[in-house]
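Asker: Shown below is the structure under consideration.
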Amino acid sequence: MRFFSLFFLVVLFTLSGCTGPRPKTIQSADKPKEPFPIPSTFIGRIPCPDCDGIDIVLNFRKNGLYQLRKTTVKGKTWDSVAEIGRWKYDRTEKLIVLGNKRGSLRTLQLVDRDTLRLQDVEGKKNDGKAEY
Numbered sequence: 000m001r002f003f004s005l006f007f008l009v010v011l012f013t014l015s016g017c018t019g020p021r022p023k024t025i026q027s028a029d030k031p032k033e034p035f036p037i038p039s040t041f042i043g044r045i046p047c048p049d050c051d052g053i054d055i056v057l058n059f060r061k062n063g064l065y066q067l068r069k070t071t072v073k074g075k076t077w078d079s080v081a082e083i084g085r086w087k088y089d090r091t092e093k094l095i096v097l098g099n100k101r102g103s104l105r106t107l108q109l110v111d112r113d114t115l116r117l118q119d120v121e122g123k124k125n126d127g128k129a130e131y
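For the sequence shown, numbering that gives the first Met the number 0 gives the first residue as 0, with consecutive numbering after it.
Right, dumping it as structure tokens:
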């Protein structure tokens with residue numbers, strides 16, 4: 000019985016060495032390139048119908064998260080709101096979608112690596128009359 004157990008272990012050990020090398024996985028080839036350098040920060044002011052403007056600071060992180068800070072400016076007063084969420088990039092339309100909850104999505108068009116343009120809910124250039 001000992002001989003059989005020893006023989007079985009030797010055969011098992013020998014066969015385990017015959018599996019061959021594992022194929023190398025190349026993640027960089029499978030991973031799509033980002034539309035702009037990540038991390039990135041975009042800063043600007045968008046028009047507002049009942050205030051002086053809304054200052055925007057939008058940060059994109061490597062982990063797929065964004066941080067958005069909106070500051071509404073009315074004369075010498077201001078009010079800031081911050082949010083954090085997930086973002087996605089649609090290569091075919093060159094659109095960046097912020098958020099993942101229905102009713103809270105924001106869409107930005109990537110004009111070039113340094114310029115984003117806010118889109119309305121129909122995907123058109125925003126004229127500043129909508130609420131943000």
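Cβ atoms here follow ideal geometry from the backbone N, Cα and C, with glycine treated the same way. Remember, it's a predicted structure, so these values are computed and weren't measured experimentally.
In whole angstroms, give me the CA-to-CA distance for Asn58 and Ala81.
Answerer: 11 Å
Asker: In three-state DSSP terms, what is Asp113?
Answerer: coil
Asker: Please name the residue in Ser79, Thr114, Thr76 and Gln66 whose C-alpha comes closest to that of Lys93.
Answerer: Lys93 has its Cα closest to that of Thr114, out of Ser79, Thr114, Thr76 and Gln66.
Asker: I'd like to confirm the pairing. Which residues does DSSP put opposite Thr71 in its beta bridges?
Answerer: Ile53 and Asp78
Asker: For Asn58, name the three-state secondary structure that DSSP assigns.
Answerer: strand
Asker: Just the C-alpha distance for Val72 and Asn62, rounded to the nearest angstrom, thanks.
Answerer: 31 Å
Asker: Looking at C-alpha atoms only, which residue of Cys50, Lys69 and Thr91 is the closest neighbour of Lys132?
Answerer: This structure cannot speak to residue 132, because the chain is shown only from 0 to 131.
Asker: Count the other C-beta atoms from every protein chain shown that fall within 10 angstroms of the C-beta of Arg105, then say buried if there are 16 or more, exposed otherwise.
Answerer: Classification for Arg105: buried.
Asker: With DSSP collapsed to three states, give me the class of Gly43.
Answerer: strand
Asker: So who's on the other strand from Gly84, going by DSSP bridges?
Answerer: Tyr65
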